[in-house]
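Here's the structure, in structure tokens; my notes come after.
Numbering (my numbering), first residue to last: 48 to 563.
Okay, here's the thing in structure tokens:
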């Protein structure tokens, strides 16, 4: 069984806070592995002599340079305002010199500098760093435990902690309370500094330069440490980033932008886009079974839809209603997205190359021309920028019947208030369970769904979004129940977001609500 080295830091303040900042002066959360490593190096060199370090402690620190940990953090409440202090700036000699000149009105307040404080308020006092441990790494455990138990603060000097280390199982690590952050190979997540082989030596050299910063040639500034790398960390509950390519729809002769009505033409626009992608794939020599599965979402022979657990490997086609920033309302469709599962970046790169300039056709002939849309487009940002609150611009088609027990019919026949309330609660619970199911089917984790908050209704939540019943859905889903949904995530989640039975064909599409 694999073992995990768990380094635990417990903040001792009755109201725990963390004051650590990034190089840009912003609050650093989660705390970086490099910050932990620097704290451990400082504790080790303070406690042991150089000879003792070389025998047992230094090899353990060198081993830590080679392992990238995951992090389990307590929930935090950021203090967005903070406060300002005025602190001495080691300028007492200027004050005494003024006194010597007879300026008795000068006091220390004239030599204080501003210091802005923006702590993160921790809702629990415990932080964990989890390092996967090989049998060779376990030999360093006692040394690492001794170092961890020597740590006294983490962040600023006022962030006092008690440290410890232990070897635990993977099951024990999974049961630790808190929010799990894992290294991410993509471009999404919080950039954190991580030690690499050579970081200890760089810290040792920097300390030596600090001690000798004043010499025969005067003051020599100490350069910041540069031997580390930056790794992006994201919450384990966060969904994987779906690669996409965006297009604007022009008139067939490229004379202007083409507009479509979201109520009646969402499914038509999506159908034209999917047909254009399939035709391009045929021209490029894609095998028929791949076209059927990845482009049309069918089984290899095209006889039926794909089924099974997880996110199917297939394109998702989304028609984007335009957000009019001046009127603050959603209007006609003038843009489209092709979206793929997180691991299908190559397919999106293919679509980016091949679909720029492609024509859209309906039963009457040419209906539009695609042109690449940059990510900076203001309308596109409404669908992709991370936000905590999102709401639908096309209704969610639920993945199941919302009233299998005929509760609405029973409600018409019941006059007792308590019975009506009980039946309504059952009906609401059924709809909510289907909405959560729709998110899970779209790839959102159980942990995220437990913490997300939902409301739903048949009327849209943003101006210009019509009643759910007015949208013309895909033909095979015409009888399925559909609702507009607003979701509030516990943290900002990026788009595009589309859920429900129509998520591959333009329905269940969310836009972010920056004002909410």
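Note that beta-carbon positions come from the ideal geometry of N, C-alpha and C, so glycine has one too. All of these numbers come straight from a predicted model, not from anything done at the bench.
Expected contact under 8 Å - CB spacing of residue i and residue j to nearest Å
i, j, result
"residue 558", "residue 429", "5 Å"
"residue 535", "residue 418", "Not a contact, Cβ separation roughly 35 Å."
"residue 521", "residue 449", "Contact flag wrong, Cβ pair sits at about 18 Å."
"residue 214", "residue 180", "7 Å"
"residue 565", "residue 244", "Nothing about residue 565 can be reported from this structure: the residues present for the chain run from 48 to 563 only."
"residue 278", "residue 252", "That belief does not hold up - the Cβ atoms of residue 278 and residue 252 are roughly 23 Å apart, past 8 Å."
"residue 461", "residue 470", "7 Å"
"residue 52", "residue 225", "Contact doesn't hold; Cβ gap of about 17 Å is too wide."
"residue 299", "residue 404", "About 12 Å; that fails the 8 Å criterion."
First and last residue of the uninterrupted alpha helix (DSSP H) at residue i
i, result
"residue 503", "First-last for residue 503: 500-504, but that is the beta strand (DSSP E), not the alpha helix (DSSP H)."
"residue 430", "425-431"
"residue 189", "188-197"
"residue 478", "464-488"
"residue 109", "105-111"
"residue 185", "182-185"
Residue interval of the beta strand (DSSP E) (run including residue i)
i, result
"residue 385", "376-386"
"residue 532", "529-540"
"residue 392", "Element bounds for residue 392: not the beta strand (DSSP E) but the alpha helix (DSSP H), 392-402."
"residue 220", "That residue, residue 220, is in no beta strand (DSSP E); its alpha helix (DSSP H) goes 217-221."
"residue 331", "That residue, residue 331, is in no beta strand (DSSP E); it is neither H nor E in DSSP."
"residue 57", "50-58"
C-alpha distance - residue i paired with residue j, whole-angstrom precision
i, j, result
"residue 362", "residue 122", "36 Å"
"residue 60", "residue 431", "39 Å"
"residue 174", "residue 81", "15 Å"
"residue 392", "residue 230", "19 Å"
"residue 554", "residue 399", "23 Å"
"residue 209", "residue 490", "39 Å"
"residue 477", "residue 388", "28 Å"
"residue 481", "residue 286", "19 Å"
"residue 409", "residue 486", "32 Å"
"residue 563", "residue 510", "The pLDDT assigned to residue 563 is 40, lower than 50, so where the model puts this residue is not dependable, and the model offers no usable value."
"residue 273", "residue 312", "55 Å"
"residue 500", "residue 187", "45 Å"
"residue 107", "residue 101", "10 Å"
"residue 463", "residue 444", "32 Å"
"residue 89", "residue 495", "37 Å"
"residue 452", "residue 524", "20 Å"
"residue 67", "residue 203", "6 Å"
"residue 192", "residue 95", "14 Å"
"residue 266", "residue 56", "37 Å"
"residue 190", "residue 216", "20 Å"
"residue 533", "residue 503", "6 Å"
"residue 182", "residue 64", "36 Å"
"residue 346", "residue 334", "13 Å"
"residue 212", "residue 78", "17 Å"
"residue 246", "residue 550", "47 Å"
Simplified DSSP assignment, three categories, for residue i
i, result
"residue 560", "coil"
"residue 247", "helix"
"residue 97", "helix"
"residue 320", "helix"
"residue 457", "helix"
"residue 409", "strand"
"residue 417", "strand"
"residue 275", "coil"
"residue 92", "helix"
"residue 298", "coil"
"residue 213", "strand"
"residue 177", "strand"
"residue 262", "strand"
"residue 289", "coil"
"residue 373", "coil"
"residue 524", "helix"
"residue 545", "strand"
"residue 123", "strand"
Distance CB(residue i)-CB(residue j) smaller than 8 Å
i, j, result
"residue 87", "residue 194", "yes"
"residue 380", "residue 306", "yes"
"residue 296", "residue 382", "yes"
"residue 538", "residue 440", "no"
"residue 310", "residue 513", "yes"
"residue 406", "residue 323", "yes"
"residue 167", "residue 74", "yes"
"residue 438", "residue 508", "yes"
"residue 367", "residue 317", "no"
"residue 117", "residue 227", "yes"
"residue 320", "residue 340", "no"
"residue 331", "residue 402", "no"
"residue 484", "residue 446", "yes"
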